[in-house]
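K.L.:
If you read the sequence shown in the working numbering, its first letter stands for residue 1097, the second for the next number, and so on. Glycine included, each C-beta is placed from N, C-alpha and C at the ideal position. Keep in mind the model is a prediction, meaning the values are calculated, not measured. Please read through the structure below; I'll follow up with questions.
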Amino acid sequence: GGKVLDDLGVDKMAASVAGSVAIAYHVRSVAKFYGIPVVVHSDHCAKKLLPWFDGMLAANKDFFEKTGEPLFSSHMLDLSEEPDEENIELCVKYFKQMVPMKLFLEMEIGITGGEEDGVNNEDVDPEKLYTTPEQVYAVYQALAPIGEAFSIAAAFGNVHGVYKPGNVKLSPEKLGKHQAYTKAQLGCTTDKPIFLVMHGGSGSTDNEIQEAVSNGVVKMNIDTDTQWAYWDGLRAFEAKSRDYLQGQIGNPEGSDKPNKKYYDPRKWVREAEKAMVKRVGVSLEKLNAVGKLGDAYKAPTPEIASHQCADFKKSSPMGDINPISIAIGAIIGFALAKAM
């Protein structure tokens, strides 16, 4: 992707924002046909990608001025590699811009192990994989006076990817300690005053997921499991149809029989998609998110004509942005902990 853009003389920075915005507009254009609420979320945005974040905020502002709601639903700032003070300071800066546009912010404090979106934490100090209650409360103290629409991805031993059982030590009980500490500091009656996020959910056991949800996790990322499901759907189709995929013409039914209906990408991509959809359904069950939305979530999607699209070259700083980081497969499954 990046090399192709270089060869064509296309600015990666503009392409990153344009790609993200195009996906958001596409989702909005088709969402109304499905009869379900759809969340449009951008995932991990490290400090070096902040100009990409700026570009998406500009798109949100343009859309909000036309419709009264943002183009995206939520954005994530992953500044966990920076010192806590800088991490929180930047989150405050951006959250102040997001709240007037009704945007939800996800932030991360503490480090998720493994590798994701070009950030490699495979050799990180194990102690840094566990966020402390004091760190979580510091985030709450800084963001809560600005608005309520934020969540905290607090590390509790999470690792991106899937690993052999026993190689990763998750401690979802620590999330309960974060809630208890914040409750005590606030002197409130709410047992779970913080919206928490579980990163590196792929490969987690049912008990680990259930305990995380019971401790206030409202979103879980399952990128690796959904990637595997997509590939597995394709793998199964190829295995079943192998004799029909060896040439354009000729198969067990006859040497002159065409095979187009087997190698047509619309066929095998669809099989991969169906496998991923099935895997998403498994996670929704585990997150206790099935059948929980109700009529209150049924709202019309603003109609946006093509001429209303923003001119982002004029309205946003394009800076140096790496290729698009929207988390395909990082499913936003809102878990309802109270119903557990």
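1. Assuming S1310 is part of the beta strand (DSSP E), what are its boundary residues?
2. Whose CA, out of H1137, F1129 and P1241, lies closest to the CA of A1120?
3. Of the residues S1337, Q1281 and P1229, which one's Cα is nearest the Cα of N1355?
4. Determine the direct distance from the alpha carbon of E1369 to that of F1246, and round the result to whole angstroms.
5. From this set, P1289, D1339 and A1114, which residue's C-alpha is nearest A1154's C-alpha?
6. Just reading off the alpha helix (DSSP H) that A1250 is part of, what are its end residues?
7. Please give the ranges of any alpha helix (DSSP H) in the region 1100-1165, keeping only runs that are unbroken, at least 4 residues long and fully inside the region.
8. With a threshold of 7 Å on Cβ separation, who are the neighbours of I1184 within its own chain once the five nearest residues in sequence on each side are excluded?
9. For my contact list, M1372 and T1322 are in at a C-beta cut-off of 8 Å; report their separation, rounded to the angstrom.
10. Going straight from the alpha carbon of V1314 to that of R1331, what length do you get?
11. For H1274, count neighbouring C-beta atoms within 10 Å of its own C-beta (all shown protein chains included) and say buried if the count is 16 or more, exposed if not.
12. Which residue wins for smallest C-alpha separation from I1242, given the options A1111, R1362 and P1196?
13. Quick check on I1345: does DSSP put it in helix, strand or coil?
14. First and last residue of the beta strand (DSSP E) that includes I1205?
15. By Cβ distance below 7 Å, which residues in the same chain neighbour P1166 in space, the five residues on each side in sequence not counted?
16. Please state the DSSP three-state secondary structure of D1287.
17. Leaving aside the five residues before and after E1304 along the sequence, list all residues of the same chain whose C-beta is less than 6 Å from its C-beta, in chain order.
18. When the Cα atoms are used, what is the spatial distance from I1422 to G1164?
19. Buried or exposed for H1122, going by 16 or more other Cβ atoms inside 10 Å?
20. Considering S1379, what are the terminal residues of the alpha helix (DSSP H) in which it resides?
21. When you compare each of R1366, D1352 and N1317 to E1334 by their alpha carbons, which one comes out closest?
22. Going by beta-carbon coordinates alone, are V1293 and A1249 separated by less than 8 Å?
23. How would you call V1106, buried or exposed, if buried means at least 16 neighbouring beta carbons within 10 angstroms?
24. Locate the alpha helix (DSSP H) running through L1173, then write down its first and last residues.
25. To which residues does DSSP link Y1233 through a beta bridge?
26. Just checking my contact of L1186 with A1142 at CB under 8 Å: how many whole Å lie between their CB atoms?
27. Taking the alpha carbon of G1272 as the point to measure from, which residue in S1298, D1302 and G1312 has its own alpha carbon closest?
28. Could you give the DSSP three-state label for G1387: helix, strand or coil?
P.N.:
Reading it off the structure:
1. Here residue 1310 is taken as the residue at index 214 of the sequence shown, counted from 1. Per DSSP, S1310 belongs to no beta strand (DSSP E); it is in the alpha helix (DSSP H), D1302 to S1310.
2. Taking the sequence shown and counting its residues from 1, one reaches residue 1120 at position 24. Checked all of H1137, F1129 and P1241; the closest Cα to A1120 is H1137.
3. Here residue 1355 refers to the residue found at position 259 of the sequence shown. Checked all of S1337, Q1281 and P1229; the closest Cα to N1355 is S1337.
4. Locating residue 1246 in the sequence shown gives position 150, counting from the first residue. Locating residue 1369 in the sequence shown gives position 273, counting from the first residue. If you take the alpha carbons of F1246 and E1369, they lie about 31 Å apart.
5. Position 58 of the sequence shown, counted from the first residue, corresponds to residue 1154. Residue A1114 is the option with its Cα nearest to A1154.
6. Start at 1 with the first residue of the sequence shown, and residue 1250 comes out as number 154. No alpha helix (DSSP H) holds A1250; the beta strand (DSSP E) holding it covers F1246 to A1250.
7. 1108-1127 and 1146-1163
8. Position 88 of the sequence shown holds residue 1184. These residues qualify, in order along the chain: A1234, V1235 and A1238.
9. Reading the sequence shown from its first residue, position 276 is the one you call residue 1372. Reading the sequence shown from its first residue, position 226 is the one you call residue 1322. Indeed they touch by this definition, with Cβ atoms about 5 Å apart.
10. Within the sequence shown, the letter at position 218 stands for residue 1314. Within the sequence shown, the letter at position 235 stands for residue 1331. Near 32 Å, if we compare the C-alpha coordinates of R1331 and V1314.
11. The residue you call residue 1274 lines up with position 178 of the sequence shown. Buried, by the Cβ-count rule.
12. Numbered from 1 along the sequence shown, position 146 holds the residue referred to as residue 1242. For I1242, the nearest C-alpha among the options comes from P1196.
13. Reading the sequence shown from its first residue, position 249 is the one you call residue 1345. If DSSP states are grouped into helix, strand and coil, I1345 belongs with the strands.
14. Residue mapping note: residue 1205 aligns to position 109 of the sequence shown, counting from 1. It spans F1200 to I1205 - the beta strand (DSSP E) in which I1205 sits, taken as one unbroken run.
15. In the sequence shown, counting from the first residue as 1, residue 1166 sits at position 70. Here the set comprises N1156, F1159, F1160, M1197, K1198 and L1199.
16. Taking the sequence shown and counting its residues from 1, the one referred to as residue 1287 is at position 191. Correct three-state label for D1287: coil.
17. For the purposes of this step, residue 1304 is taken as residue 208 along the sequence shown, with counting starting at 1. If we look at E1304 and ignore the five residues flanking it on each side, its Cβ neighbours are L1266 and P1268.
18. As a working mapping, residue 1422 is identified with position 326 in the sequence shown. As a working mapping, residue 1164 is identified with position 68 in the sequence shown. Note on I1422: pLDDT 28, under 50, position unreliable in the model; the coordinate value appears next. Straight-line Cα distance between these residues: approximately 24 Å.
19. Along the sequence shown, read from residue 1 onward, the residue named residue 1122 stands at position 26. H1122 should be labelled exposed.
20. As a working note, residue 1379 is residue 283 in the sequence shown. Its alpha helix (DSSP H) spans residues P1361 to K1382.
21. In the sequence shown, the residue the question calls residue 1334 occupies position 238. Nearest option by C-alpha distance: R1366.
22. For the purposes of this step, residue 1293 is identified with residue 197 of the sequence shown, where counting begins at 1. For the purposes of this step, residue 1249 is identified with residue 153 of the sequence shown, where counting begins at 1. Yes, the pair counts as a contact, with Cβ atoms nearer than the cut-off.
23. Locating residue 1106 in the sequence shown gives position 10, where the first residue counts as 1. V1106 should be labelled exposed.
24. Within the sequence shown, the letter at position 77 stands for residue 1173. Not the alpha helix (DSSP H): L1173 falls in the beta strand (DSSP E), residues S1170 to L1173.
25. The count along the sequence shown starts at 1 and reaches residue 1233 at position 137. The partner list for Y1233 (beta bridge, DSSP) is empty, contrary to what the question assumes.
26. By 1-based counting over the sequence shown, the position of residue 1186 is 90. By 1-based counting over the sequence shown, the position of residue 1142 is 46. Not quite, the Cβ-Cβ distance comes to about 11 Å (not below 8 Å), so this is no contact.
27. One-based indexing of the sequence shown puts residue 1272 at position 176. Of S1298, D1302 and G1312, the residue nearest in Cα terms is G1312.
28. On the sequence shown, position 291 is the one that residue 1387 refers to. DSSP places G1387 in coil when its eight states are reduced to three.
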